[in-house]
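J.: I'd like to ask you about the structure that follows.
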Amino acid sequence: REEYMMQSEKLTMAGQLAAGIAHEIRNPLTSINGFMKLIRSSKRSPETYYEIIESELKRIELIVNELLVLSKPQGKHVSKPINVLPMLEQVITLMNVQAALKNIEITLERADVPQWIVGETNQLKQVFINLLKNGMDAMDSSGTILVSVDSTEQEVWIRVQDEGSGMTPEQVQKLGQPFFTTKDTGTGLGFMITQNIIHNHGGSIQIESEPGQGTAFTVKLPKTMKPEHT
Ligand code: ADP
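So that you can map any letter, position 132 of the sequence shown is 357 in the UniProt record's numbering, and since no number is skipped, the others follow by simple counting.
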């Protein structure tokens, strides 16, 4: 019975996703079609329309790329022990380049003990790239995003706390539904991908958000022993 429930929930999710994809891709396609017709019938130089067509194509490409990320964990994946702190340092180094342009500082509060988890490094990096990017998007002026690591007996907790716009309870509820976005250029797929990766790693994510104050995400992942050969 439970299995049956899960199956039907999956179908709803797939249906929801399919409807969203169809909608999201149809809009730029309709627009491209329209501008192609204009180019054919117009005496004006097509140059004026190229920019719009290009940006619509880029939008489709962005959506398709994000969906590909989502489909990857089903393929072959290589799980190995990951030392959490160096992984976070690498992601933060990468993201600090973009953050600096907005006068945002990303800081890492180092835990004393090395924390090990098992998983796919690139997938897990994607999680923190997504969370940091959302934090940066939510902050319109300078500020700090604090990344901190903690652990319980069973889990490693990684908290990403921003000083951004925060979310209303309604927004928090919609977060993770495919194509829910409040951004002009958002896809509304990022958090669904984040959740999916964490779930595939046997973890969970917790959200605390306060409009006007900021948001904190806590990623909880199963802890493992430090591998012997390192
Ligand atoms: P996207 O970033 O493309 O909009 P996401 O699924 O990553 O897609 O996020 C969905 C929405 O959730 C965002 O548009 C934003 O409204 C909200 N959101 C996500 N993270 C944060 C955050 N750290 N602070 C405020 N709002 C957020």
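Beta carbons: idealized from backbone N, C-alpha and C, even for Gly.
#1: CA-CA distance, R251 and P403?
#2: In the DSSP assignment, find the alpha helix (DSSP H) that holds L371 and state where it starts and stops.
#3: Any idea which residues DSSP pairs F442 with across the strands?
#4: Do Q398 and the ligand ADP come close, with the Cβ less than 7 Å from some heavy atom?
#5: Enumerate, from N- to C-terminal direction, the unbroken alpha helix (DSSP H) stretches of 4 or more residues contained entirely within the region 238–296.
#6: With distances taken Cα to Cα, identify the nearest neighbour of R284 among M361, G413, V338 and E388.
#7: Determine whether the beta carbon atoms of L357 and I342 lie at a separation below 8 Å.
#8: So who's on the other strand from P447, going by DSSP bridges?
#9: Can you tell me whether residue 187 is buried or exposed, with buried defined as 16 or more other CB within 10 angstroms of its CB?
#10: In terms of DSSP beta bridges, what is E330 paired with?
#11: What would DSSP say about V343, mapped onto helix, strand or coil?
#12: Can you give the Cα-Cα distance for I278 and G368, rounded to whole angstroms?
#13: Using the beta-carbon count (16 or more within 10 Å), is P253 buried or exposed?
T.: On the basis of the data shown:
#1: Within the sequence shown, numbered from 1, the residue matching residue 251 stands at position 26. Within the sequence shown, numbered from 1, the residue matching residue 403 stands at position 178. In a straight line, the C-alpha of R251 is about 16 Å away from that of P403.
#2: Within the sequence shown, residue 371 is the residue found at index 146, counting from 1. No alpha helix (DSSP H) holds L371; the beta strand (DSSP E) holding it covers G368 to S376.
#3: Taking the first residue of the sequence shown as position 1, residue 442 is located at position 217. Residue pairing by DSSP puts F442 in a beta bridge opposite V385 and I432.
#4: What you label residue 398 is simply residue 173 of the sequence shown in a count that begins at 1. Q398: no, Cβ never under 7 Å from the ligand ADP.
#5: Along the region 238–296, the alpha helix (DSSP H) occurs as fully enclosed runs of 4 or more residues at 272–296, listed in sequence order.
#6: Numbered from 1 along the sequence shown, position 59 holds the residue referred to as residue 284. Selection M361, G413, V338 and E388 evaluated against R284 yields G413 as nearest (Cα-Cα).
#7: Position 132 of the sequence shown, counted from the first residue, corresponds to residue 357. Position 117 of the sequence shown, counted from the first residue, corresponds to residue 342. Between L357 and I342, the CB-CB gap reaches or exceeds 8 Å.
#8: As a first step, residue 447 is located in the sequence shown; it is residue number 222 there, counting from the start. P447 is bridged to E380.
#9: The structure shown has nothing for residue 187, since the chain only spans 226 to 455.
#10: Position 105 of the sequence shown, counting from 1, holds the residue named residue 330. E330 is bridged to T369.
#11: The residue given as residue 343 occupies position 118 in the sequence shown. Looking at V343 - three-state DSSP - the assignment turns out to be strand.
#12: The residue given as residue 278 occupies position 53 in the sequence shown. The residue given as residue 368 occupies position 143 in the sequence shown. Distance between the alpha carbons of I278 and G368 is about 36 Å.
#13: If you number the sequence shown from 1, residue 253 lands on position 28. Under this definition P253 is a buried residue.
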